[in-house]
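Report on the structure given below.
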Amino acid sequence: MASKPISSGRGGDGRIAFLLLVVPLGLLAATLIVPMVSAITISLRDIRVIGSDGPFAGLDNYARVLGDGTFWHALGISVVWVVGNAVVQTILALTAALVLNEKFPGVRVARVWIILTWIIPTVVVVIIWRWLLSPSGGMVNPLLIQLGIIDRPMGFFASGPAAMTSLILINSWRWFPFVAIMLLAGLQRIPNDIYEAAAVDGAGAIARFRAITWPLLQPTLLVLTVMGTLLSFNVFDIIWLLTAGGPAGGTETLPVLIYETAFKAYRMGDAAAMSVVASVLMIGLALVLLDRLAPKETAR
Amino acid sequence: MKRGPLGWLVLALAVLALAFLVLAPMWLVGTSSFKLPREIINRVPTWFPRSFTLQHYQKLLQTSAFPTYFLNSVLVAASSAFVTVVLALMAGYAFFRLEFRGRDLLYRLIMVAYAFPSIVILIPIYLMFAKVGLIDTDLALVLVNVTFALPFSIWMMRTFFASLPRELEEAAAIDGAGRWKTVVHVLIPLLRPGIAAIAIFAFVASWTEYLFASVLIISDAKRTLPVGLSGIIGQYQIDWGLLLAGASLSVLPVVVFFAFVGRWFVAGLTEGAVK
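If you read the sequences in order, they're chains A and B. Counting from 1, position 80 in the first sequence corresponds to residue 84 in this note's numbering; the numbering is continuous, with no gaps. Counting from 1, position 114 in the second sequence corresponds to residue 165 in this note's numbering; the numbering is continuous, with no gaps.
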């Protein structure tokens, strides 16, 4: 193939394409597709010893898992987690994206370095916020007292709802710059002429946002909502390292419950069953979101 | 568009608030890692250090397993980044430069695979790796990290391939350079920004990865930073000085890496829309 021209006609690149794709696609097949299929077979078995297949159990694992309140409780917690993150991150990211879309000295540096919170390891995010929120030496309590928002130090992880709120804010702190950069890309695709025409017609900043930015940003927001839902549903480490699902199960999302079931209680079959149900729900949700939200936006 | 004094004021306040939100926590952690223990846990925290010590770094580097975790992480992250770049280049060339049957379908399939919850494949991967003896090996982590980074990397490659006119390669072909020579001498040098973007993405992703590392690695000597550091958090009484020093050192490599290639990463993330 040494001296062949670049393009040898339609369908003529099949052999080279195969050679190039066999390793990357083979790896993805072995580590993504095979495990996904075997998650289903594992969920149908009663595995007690690692390395043994265990007897076939039919739908017993599903019956046990779905008949147990902990699964539904964790699903509810996951819904709160996903919705909370979507709301907080969208607000923060949209604000940041609008700011970064302006021209000001240093904006090019800001557009790159805003993503700083996203490139640092989760375990570092955990250390940072555990310390900042701790009663010994943490900066957040004194700052909130100084600003007059609270009048005595509060326990950010003392109750279920408090811990959930803290977790959502911390996770959003980590993720909002990533979303902001994606939104910024969407903002920059809106032609400047439209804004200038609107400004000539006397539309103020807020009117321009409502009439131009918001509607034209809908496709980007839709994609990010679906992506964000899948990504934040998956988040495990930040929750596990900060609260481990506590206090009293108040932050026990489905991934935390699945992890505990598999690697603390060693009930692999049950955990696999839960993860299969969770994926079906997530894929269903993604499809519904794309289907329900998309036509309305394009019709506008 | 013209901006009045009020506009400038609002913008300036927003920029400052944003900078504070992102940078203040980093500043506090970085500077506090040099404070004496009693200043770190003082009831009235200080924005600017009043004491200076290297004792936390000394303890971290001399008496804890942190250096081992750090080296393991560098090894795993660098290998993952390298393999991801090679595989993404191969796949990128096939998807964005070649014509073959089923190309679009395959490409879409890869993107869909990314949407599945990672927790679903955790259990099967663990059982599968246990069967073939990959548990407690660096290779296991590299395989998993590459798998997670690859689909997104192929997606990012699209922008960089699209930014290069095919005429360049065609011209080289006319000059008598074969396909292989064209790729090595023309395409790859021009794709450097894309390679940088993928490398930093894969490096960061594996530098951060906790879930699989916590399950697939068993012996302490093979732990990577996230799991190792989280073990230090859990130990007896929390030694904040030690943790803050560990946190600061863990951020350092990705920040240095990012300083060189960060803008290419943002370009790849946004399909080149952000200038």
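Virtual Cβ for every residue (Gly too), placed ideally from N, Cα, C.
If you follow the alpha helix (DSSP H) that residue i is in, where does it begin and where does it stop?
i, result
"Trp-76(A)", "73–104"
"Gly-81(B)", "56–83"
"Lys-182(B)", "169–183"
"Ser-236(A)", "218–238"
"Ala-209(A)", "209–212"
"Lys-110(B)", "106–113"
"Glu-90(B)", "88–91"
"Arg-115(A)", "111–117"
"Glu-264(A)", "258–267"
"Lys-273(B)", "From DSSP, Lys-273(B) is part of no alpha helix (DSSP H); its letter is neither H nor E."
"Phe-212(B)", "189–213"
Could you give the distance in angstroms between the alpha-carbon of residue i and the alpha-carbon of residue j?
i, j, result
"Val-305(B)", "Phe-121(B)", "12 Å"
"Arg-304(A)", "Asn-89(A)", "Confidence in Arg-304(A) is poor, its pLDDT being 37 and thus under 50, which makes the residue's placement unreliable; the coordinate value appears in the next sentence. Cα to Cα, the separation comes out at about 27 Å."
"Leu-241(B)", "Asn-65(A)", "53 Å"
"Phe-316(B)", "Ala-298(B)", "23 Å"
"Arg-14(A)", "Arg-154(B)", "Confidence is the limiting factor: at Arg-14(A) the pLDDT is only 48, short of 50, which leaves the residue's position unreliable and the question unanswerable from this model."
"Ser-83(B)", "Ile-284(B)", "17 Å"
"Ala-264(B)", "Leu-171(A)", "22 Å"
"Gly-273(A)", "Phe-308(B)", "42 Å"
"Leu-137(A)", "Ala-256(B)", "26 Å"
"Ala-34(A)", "Leu-194(B)", "10 Å"
"Ile-243(A)", "Leu-36(A)", "24 Å"
"Lys-268(A)", "Gly-232(A)", "28 Å"
"Val-111(A)", "Asp-290(B)", "38 Å"
"Thr-224(A)", "Phe-180(A)", "15 Å"
"Val-171(B)", "Phe-237(A)", "12 Å"
"Ile-174(B)", "Tyr-261(B)", "15 Å"
"Arg-54(B)", "Leu-69(B)", "20 Å"
"Ala-142(B)", "Leu-29(A)", "8 Å"
"Phe-22(A)", "Leu-191(A)", "38 Å"
"Ser-281(B)", "Leu-72(B)", "24 Å"
"Asp-189(B)", "Asn-196(B)", "11 Å"
"Leu-289(A)", "Ala-222(B)", "48 Å"
"Arg-193(A)", "Thr-321(B)", "10 Å"
"Gly-81(B)", "Met-143(A)", "14 Å"
"Ser-154(A)", "Phe-160(A)", "Contrary to the premise, residue 154(A) reads as Ile rather than Ser in this sequence. Near 12 Å, if we compare the C-alpha coordinates of Phe-160(A) and Ile-154(A)."
Out of the options, which one is the CA nearest neighbour of residue i?
i, options, result
"Gly-245(B)", "Gly-313(B), Leu-178(B) and Arg-152(B)", "Gly-313(B)"
"Leu-294(A)", "Leu-137(A), Ala-215(A) and Val-227(A)", "Val-227(A)"
"Leu-285(A)", "Leu-267(B), Pro-168(B) and His-107(B)", "Pro-168(B)"
"Leu-148(A)", "Val-66(B), Leu-112(B), Val-95(B) and Ser-102(B)", "Val-95(B)"
"Arg-68(A)", "Leu-79(A), Glu-200(A) and Ser-47(A)", "Ser-47(A)"
"Val-302(B)", "Val-86(A), Ile-123(A) and Glu-256(A)", "Ile-123(A)"
"Phe-85(B)", "Phe-254(B), Ala-65(B) and Lys-110(B)", "Lys-110(B)"
"Gln-113(B)", "Leu-320(B), Ala-310(B), Trp-206(B) and Ala-296(B)", "Ala-296(B)"
"Met-40(A)", "Val-280(A), Arg-49(A), Val-292(A) and Arg-296(A)", "Val-280(A)"
"Val-137(B)", "Ala-250(B), Pro-277(B), Thr-119(B) and Asp-187(B)", "Ala-250(B)"
request  = Residues of the region 306–317 of chain B with a CB closer than 7 Å to any CB of chain A: list them in chain order, please.
outcome  = Phe-309, Gly-313, Arg-314 and Val-317
ask   = Quick one: any contact between the region 87–107 of chain A and the region 170–189 of chain A, if contact means 3 or more CB pairs under 8 Å?
value = yes
key: Residues within the region 67–79 of chain A neighbouring chain B, beta-carbon criterion of under 9 Å   = none
ask   = Does the region 126–142 of chain A come within contact of the region 65–85 of chain B, defined as at least 3 CB pairs closer than 8 Å?
value = yes
task = Say whether the region 249–260 of chain A touches the region 153–172 of chain A, bearing in mind that this needs 3 or more beta-carbon pairs closer than 8 Å, one atom from each stretch.
result = yes
ask   = Are the region 256–270 of chain A and the region 65–83 of chain A touching, with three or more C-beta to C-beta distances below 8 Å?
value = yes
request  = State whether the region 269–282 of chain B contacts the region 218–238 of chain B, with contact taken as three or more CB pairs (one from each stretch) at a distance under 8 Å.
outcome  = no
ask   = For the region 259–293 of chain B, which residues have a CB atom closer than 7 Å to at least one CB atom of chain A, in sequence order?
value = Thr-259, Tyr-261, Leu-262, Val-266, Leu-276, Pro-277, Leu-280, Ser-281, Ile-284 and Trp-291
Contact residues within the region 25–38 of chain A, judged by C-beta distance below 8 Å to chain B = Leu-25, Val-27, Pro-28, Leu-29, Leu-31, Leu-32, Thr-35, Leu-36, Ile-37 and Val-38
query = Any residues in the region 83–98 of chain B with a beta carbon nearer than 7 Å to a beta carbon of chain A? Which ones, in chain order?
reply = Ile-91, Ile-92, Asn-93, Val-95 and Pro-96
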